[in-house]
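Visitor: Structure in structure tokens, see below.
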Amino acid sequence: MGIGMELQDLNLTSKKFSHQKFRAEFPALNNENVYLDSAATSLKPQAMIDATLEYYAHNTATVKRSLHPNALQVTEIINQARQNVADWINASTSSEIIWTSGTTESINLIAQSYARPLLKAGDEIIVSELEHHSNLLPWLIVAEQTGAKVIKWSSVIDDLTSLLSERTKIVAITQMSNVTGFCPDLAAISQIVHQYNAILVVDGAQGIVHHPIDVDKLDIDFYVFSAHKLYGPTGLGVLYGKQILLETMPVWHGGGKMLKSVSFDHFIPEQHPYKFEAGTPNIAGMLGFNATFEWLKRWDFNQAQLYTEQLADYAKSQLSKLTNIQFYSVNNSSIITFNIHNIHHNDIAILLSEQNIAIRTGELCAQPLMQKLGCQGVIRLSLMPYNNKHDIDCFIIALQHAIQILD
12 MGIGMELQDL NLTSKKFSHQ KFRAEFPALN NENVYLDSAA TSLKPQAMID ATLEYYAHNT
72 ATVKRSLHPN ALQVTEIINQ ARQNVADWIN ASTSSEIIWT SGTTESINLI AQSYARPLLK
132 AGDEIIVSEL EHHSNLLPWL IVAEQTGAKV IKWSSVIDDL TSLLSERTKI VAITQMSNVT
192 GFCPDLAAIS QIVHQYNAIL VVDGAQGIVH HPIDVDKLDI DFYVFSAHKL YGPTGLGVLY
252 GKQILLETMP VWHGGGKMLK SVSFDHFIPE QHPYKFEAGT PNIAGMLGFN ATFEWLKRWD
312 FNQAQLYTEQ LADYAKSQLS KLTNIQFYSV NNSSIITFNI HNIHHNDIAI LLSEQNIAIR
372 TGELCAQPLM QKLGCQGVIR LSLMPYNNKH DIDCFIIALQ HAIQILD
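Numbering-wise (our numbering), the sequence shown opens with residue 12 and increments by one.
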């Protein structure tokens, strides 16, 4: 009852955020399903859907090529989208923003274009134990290619200090764990890493939608995220890189519109960001993502996150009443992970899905972290500002029913 009152009061006092109005923006919620799997992918607001549909229905023009009005308009909007991304993360210039297919491609681009030419045998890449496979496998691959070594880091700052040396070239860390919800102190980490002249790579896939990021103030060298985690489309991602780094990085794949000239003897690439954007991009996705940013400007980001954290606190308080429950997530997070003793997490997921409750279970693409936690998988519910107390109550009832069947 207490948390319900807090949520109601928050809605009344916030001038730019109402959770009822926010929820109404998402047509996927106009049914009886309860969606608690937003850490996997967020739901999409009507504004993003409309922009994507408008492009496919009425203006299927390409970008950076043709000179007819529709093509010029599309190019202009995509340039605006790039600027919106730069503004969102406080990049110095939009030319530091590179479009990719997602977080995974962004990190692979860094590994192959920046790290591979740099690394030599004996060099070290420090990667935290918190990482999603997308921020581990690319480093393992480039280490095999170059003779470098990947060093495991607990994510404790004192441990990082003991691991860093003149051999350290790259430190990779998540902004927010997709398993525990833990958010490392990026300011402290950045300061320590740069004392050793190493490069800091931050995976913002989970954090971008919940926590403001200032890549300039934090002195982050590379920052990556996926549009679909930030109310945007799938198949689109962002790589931010400091201009001084992007200027020295070679191209990593070739195709149309990433070059100034080409012959059978050699080619001259475009300047960044275009030299990294070969081929026809995800135009509809970019237009949809630009509409998403314009839509996001209508809402108070901090109030929305405060509401989400209070909702998560309510969910965790209700879960805590269950017996034989073990939590893995931190407090004050939109992510809650747990297990029920002697019940397999996947069995819970199956029974919840039969009651129209969408959650995520399993290793969450984080096998090393699961090993550290001493489990083979977890149950995860992940919340966004479009969720409400009714969603949580339905989830708890469904979970109690599943436990009764399986216990």
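Backbone N, C-alpha and C define an ideal beta-carbon position, used for all residues, glycine too.
Helix or strand or just coil, what does DSSP make of aspartate 358?
Guide: Per DSSP, reduced to three states, the secondary structure at aspartate 358 is helical.
Visitor: CB-CB under 6 angstroms to isoleucine 354, same chain, minus the five flanking residues each way: which ones, in chain order?
Guide: Leu417
Visitor: Using the Cβ count rule (16 or more neighbours within 10 Å means buried), how would you classify leucine 322?
Guide: The residue is buried, with at least 16 neighbouring Cβ atoms inside 10 Å.
Visitor: Is proline 128 buried or exposed, if buried means 16 or more other CB atoms sit within 10 Å of its CB?
Guide: So proline 128 ends up on the exposed side.
Visitor: By Cβ distance, which residues of its chain are closer than 6 angstroms to threonine 24, with the 5 residues on each side in sequence left out?
Guide: Residue placement at threonine 24 is poorly supported in this model, since its pLDDT is 39, which falls under 50; the coordinates still yield a value, given next. Closer than 6 angstroms at Cβ, skipping near neighbours: no residue.
Visitor: Would you please state the rounded distance, in angstroms, between the beta carbons of threonine 73 and glycine 248? I believe it to be under 8 angstroms.
Guide: The pair is not a contact, with the Cβ atoms about 20 angstroms apart (cut-off 8 angstroms).
Visitor: For threonine 259, count the other beta carbons within 10 Å of its own beta carbon; 16 or more makes it buried, fewer makes it exposed. Which is it?
Guide: The residue is exposed, with fewer than 16 neighbouring Cβ atoms inside 10 Å.
Visitor: Since alanine 183 sits in a beta bridge, which residues does DSSP pair it with?
Guide: Answer by DSSP bridge pairing, in chain order: Val138 and Val212.
Visitor: Going by DSSP in three states, glycine 252 sits in which element: helix, strand or coil?
Guide: strand
Visitor: For aspartate 61, does the count of other Cβ atoms within 10 angstroms reach 16, so buried, or fall short, so exposed?
Guide: exposed
Visitor: When we look at the beta-carbon of aspartate 20 and count the other beta-carbons within 10 Å, is it buried (16 or more) or exposed?
Guide: Note that aspartate 20 scores 43 on pLDDT, short of 50, meaning its location in the model is unreliable; the coordinates nonetheless yield the value given after this. By the 10 Å Cβ count, aspartate 20 comes out exposed.
Visitor: For tyrosine 234, which three-state DSSP category applies?
Guide: Strand at tyrosine 234.
Visitor: Taking Cβ positions, are aspartate 404 and valine 45 nearer each other than 7 angstroms?
Guide: no
Visitor: Going by alpha carbons, who is nearest to serine 139 out of Ser165, Gly192, Gln31 and Cys386?
Guide: Ser165
Visitor: With a threshold of 16 other CB atoms inside 10 Å of the CB of glutamine 337, please say whether the residue is buried or exposed.
Guide: exposed
Visitor: Less than 8 angstroms between C-beta atoms, sequence neighbours within five positions excluded: which residues of the same chain meet that for glycine 133?
Guide: Gly158, Ala159, Lys160 and Arg178
Visitor: Which residues mark the beginning and the end of the beta strand (DSSP E) in which phenylalanine 278 is found?
Guide: 278-280
Visitor: Please check the pair lysine 240 and serine 117, which I expect to be a contact at CB under 8 angstroms, by giving their CB distance rounded to whole angstroms.
Guide: Actually they do not touch by this definition, with Cβ atoms about 12 angstroms apart.
Visitor: On a Cα-Cα basis, can you pick out the residue from Ile414, Asn399, Ile408 and Ala209 that is closest to leucine 40?
Guide: Asn399
Visitor: Identify every residue that forms a DSSP beta bridge with phenylalanine 349.
Guide: Phe338 and Ile390
Visitor: Under the assumption that glutamine 186 contacts isoleucine 224 (Cβ atoms under 8 angstroms), give the Cβ distance between them as a whole number of angstroms.
Guide: 7 angstroms
Visitor: Once the 5 residues before and after histidine 352 are set aside, which same chain residues still bring their CB inside 6 angstroms of it?
Guide: Counting only Cβ-Cβ distances below 6 angstroms, and skipping sequence neighbours, we find Asn335.
Visitor: Report the rounded CA-to-CA distance for serine 201 versus aspartate 230, giving the unit in angstroms.
Guide: Going from the Cα of serine 201 to the Cα of aspartate 230 covers about 7 angstroms.
Visitor: Mind checking whether asparagine 189 and histidine 143 have CB atoms under 7 angstroms apart?
Guide: yes
Visitor: Give the DSSP-derived three-state secondary structure of isoleucine 368 in the structure shown.
Guide: strand
Visitor: In whole angstroms, what is the alpha-carbon distance linking glycine 385 and isoleucine 408?
Guide: 28 angstroms
Visitor: Does DSSP classify lysine 163 as helix, strand or coil?
Guide: strand
Visitor: Pick helix, strand or coil for tryptophan 310, following the three-state DSSP scheme.
Guide: coil
Visitor: Please state whether DSSP places tryptophan 110 in a helix, a strand or coil.
Guide: strand
Visitor: Does the beta-carbon distance from glutamate 288 to leucine 270 come in below 7 angstroms?
Guide: no
Visitor: Run through DSSP, which three-state label would aspartate 61 get?
Guide: helix
Visitor: Taking its Cβ as the centre, do 16 or more other Cβ atoms sit within 10 Å of arginine 371, making it buried, or is it exposed?
Guide: buried
Visitor: Taking the alpha carbon of valine 212 as the point to measure from, which residue in Tyr285, His222 and Leu147 has its own alpha carbon closest?
Guide: Leu147
Visitor: Kindly provide the ranges of any alpha helix (DSSP H) runs that are 4 or more residues long and lie completely inside the region 80-133, ordered along the chain.
Guide: 80-100 and 114-120
Visitor: According to DSSP, leucine 197 sits in a beta bridge with which residue or residues?
Guide: In DSSP, leucine 197 forms no bridge with anything.
Visitor: Kindly indicate which residue of Ile152, Thr114 and Asn70 has the alpha-carbon position closest to the one of aspartate 214.
Guide: That would be Thr114, whose Cα lies nearest to the Cα of aspartate 214.
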